[in-house]
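Chains as they are written, first to last, in the numbering used here: chain A, 29 to 238; chain B, 29 to 238. Beta carbons are placed, not taken as given, at the ideal position from N, Cα and C, and that holds for glycine.
2 protein chains.
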Amino acid sequence: MGKYINNSKDNGLLIVISGPSGAGKGTVCKSLLEESNNLKLSISVTTRKPRIGEKEGINYYFIDHKKFNKMLNDGDLLEYAKVYDNYYGTPKEKVLKELSLGNDVILEIDIQGALKVKSKFPDGVFIFIMPPSMEELKNRITNRGTETENELSKRFKASYEEINYISKYNYVVINDKIHEAVKKVKSIIIAEKCRVDRINSKLEDIKGGK
Amino acid sequence: MGKYINNSKDNGLLIVISGPSGAGKGTVCKSLLEESNNLKLSISVTTRKPRIGEKEGINYYFIDHKKFNKMLNDGDLLEYAKVYDNYYGTPKEKVLKELSLGNDVILEIDIQGALKVKSKFPDGVFIFIMPPSMEELKNRITNRGTETENELSKRFKASYEEINYISKYNYVVINDKIHEAVKKVKSIIIAEKCRVDRINSKLEDIKGGK
């Protein structure tokens, strides 16, 4: 598949949020969506079982392996990744539609998915959410209490390794206080819309009005 | 003179604000300084006469040509520029000191000066303040009422030409509503501090705390 280059001045921003499990990506995204207009969350599909409290169409679309494979084969996924024996994917059509309507779209995806999206959307905004320390990360993962000992250990090891990919991202937000982390992500979105290379077509309008 | 590369994680950001005369740079900087901590304005020296209301040491240090030439020859200026037959310059020592103390420093300077600073501080943040339209710019310059007809005409022509240098900057902020423009500049400062290439040393601390 080719690259999607955002040439229109009215297109929204594609914002990719990832980071180690336990860093608080989900909480950051939830607050962002509550506080922002024109910001849409892309809901992923997954083959994993819902955790307690997770809802169909809110957290994920929970689908079986057969449906997942069909979407994959039909080219309906922007990216997909295998994480701890389960598959996750981002449905393509909705993302492209929202961007073309001028809405910003958030993808909350893991590092594998983020790298795939980056290869297709080089002008996306890639934000890595970090825990304030690895010790705090360990506490957060352990306190979630929704996984077995074996899953926890795998998850912590993976988290530690993911941090090595940070240089592939544009921004790092350290999630010490959630309010501060959300403010930083909102600032990044505002700042990105002022970047010279995104704003060129608007400048022509201004000069034209001489 | 060599480049000043900001290697220390505790150093402040150098923020360069320029844009055409009449775009509202001064108002934006004033509001920023009122609302922000750890933000210092660099006061330029100039050989031009004070405008009505301008104060020594607040708007500029007003000096004569002899003093200006001495500072220039002694290497005490970070940059200098000639604008409409007058000289402007940025005293070097204070800027470097504030940055090393961890304070962010704002330079409100013209395009010539900004390009010189960029060659020495490639990791500075270069922000161009734009009027919402060239017509509005003309109104703003005319309504200021502090210049002769000839000066106004020179100023407007220079403003129009300056816009061609916009690609040398990192960000453009369109100053339609002052409150929105200030919010954008504040967001840019917050976002820049989250950029991966500025934050690497902090990440080592976090990983070290495994």
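- Of the residues assessed, Ser147 of chain B falls on the exposed side of the cut-off, its CB having fewer than 16 other CB atoms within 10 angstroms.
- A distance below 7 Å separates the beta carbons of Leu106 of chain A and Thr118 of chain A.
- Rounded to whole angstroms, the gap between the alpha carbons of Tyr188 of chain B and Asn203 of chain B is 16 Å.
- Glu163 of chain A and Gly50 of chain A have their alpha carbons spaced roughly 11 Å apart.
- Of the candidates B:Cys222, B:Glu82 and B:Ser72, B:Ser72 places its Cα closest to the Cα of Tyr116 of chain B.
- Taking a C-beta distance under 7 Å as the contact criterion, Leu60 of chain A and Val213 of chain A qualify as a contact pair.
- Between Cys57 of chain A and chain B, the shortest Cβ-Cβ separation is not below 7 Å.
- At least one beta carbon of chain A lies nearer than 7 Å to the beta carbon of Val224 of chain B.
- Straight-line measurement puts the Cα of Glu121 of chain B at about 15 Å from the Cα of Asn101 of chain B.
- Contact between the segment 39-57 of chain A and the segment 76-84 of chain A is not established, with fewer than three Cβ pairs separated by less than 8 Å.
- Between Leu165 of chain B and Gly40 of chain B, the C-beta gap is not smaller than 7 Å, which leaves the two residues out of contact.
- At least 7 Å separates the beta-carbon of Val133 of chain B from that of Val145 of chain B.
- Taking a C-beta distance under 7 Å as the contact criterion, Cys222 of chain A and Val111 of chain B do not qualify as a contact pair.
- In the DSSP annotation of this structure, the continuous segment of the beta strand (DSSP E) that includes Ala109 of chain B starts and ends at Leu105 to Val111.
- For Tyr115 of chain B, no CB of chain A lies under 7 Å from its own CB, so it is not counted at the interface with that chain.
- Closer than 8 Å at the C-beta level to chain B, one finds these residues of the segment 187-208 of chain A: Tyr188, Ile191, Ile194, Ser195, Tyr197, Asn198, Tyr199, Val200, Val201 and Ile202.
- None of the residues of the segment 108-136 of chain A has a beta carbon lying less than 9 Å from any beta carbon of chain B.
- In this structure, DSSP gives Asn114 of chain A an extended state, which the three-state scheme calls strand.
- Taking Pro160 of chain A as the centre and dropping the five residues before and after it, the same chain places the C-beta of Ile202, Asn203 and Asp204 closer than 8 Å to its C-beta, in chain order.
- Following the DSSP letters along the chain, one finds Tyr199 of chain B inside the beta strand (DSSP E) bounded by residues Tyr199 to Ile202.
- Bounds of the alpha helix (DSSP H) holding Thr55 of chain A are Lys53 to Glu63.
- Taking 7 Å as the CB threshold, Ile218 of chain A lines the interface with chain B.
- The shortest CA-to-CA distance from Lys77 of chain A to any of A:Glu62, A:Met99, A:Tyr89 and A:Ile227 is the one to A:Tyr89.
- The beta carbon of Arg168 of chain A sits closer than 7 Å to the beta carbons of Gly50 and Pro159 from its chain, once the five residues preceding and following it are set aside; these are given in chain order.
- Within the segment 118-178 of chain B, the alpha helix (DSSP H) runs of at least 4 residues that lie entirely inside it are, in chain order, 120-128, 139-148 and 162-172.
- Against chain A, the CB of Ser215 of chain B has a partner CB under 7 Å away; the residue lies at that interface.
- The Cβ of Lys95 of chain B sits no closer than 7 Å to any Cβ of chain A.
- Contact note: Lys68 of chain A does not reach chain B at a C-beta cutoff of 9 Å; the least C-beta distance is about 20 Å.
- Under the DSSP definition of a beta bridge, Arg223 of chain B partners with A:Tyr199.
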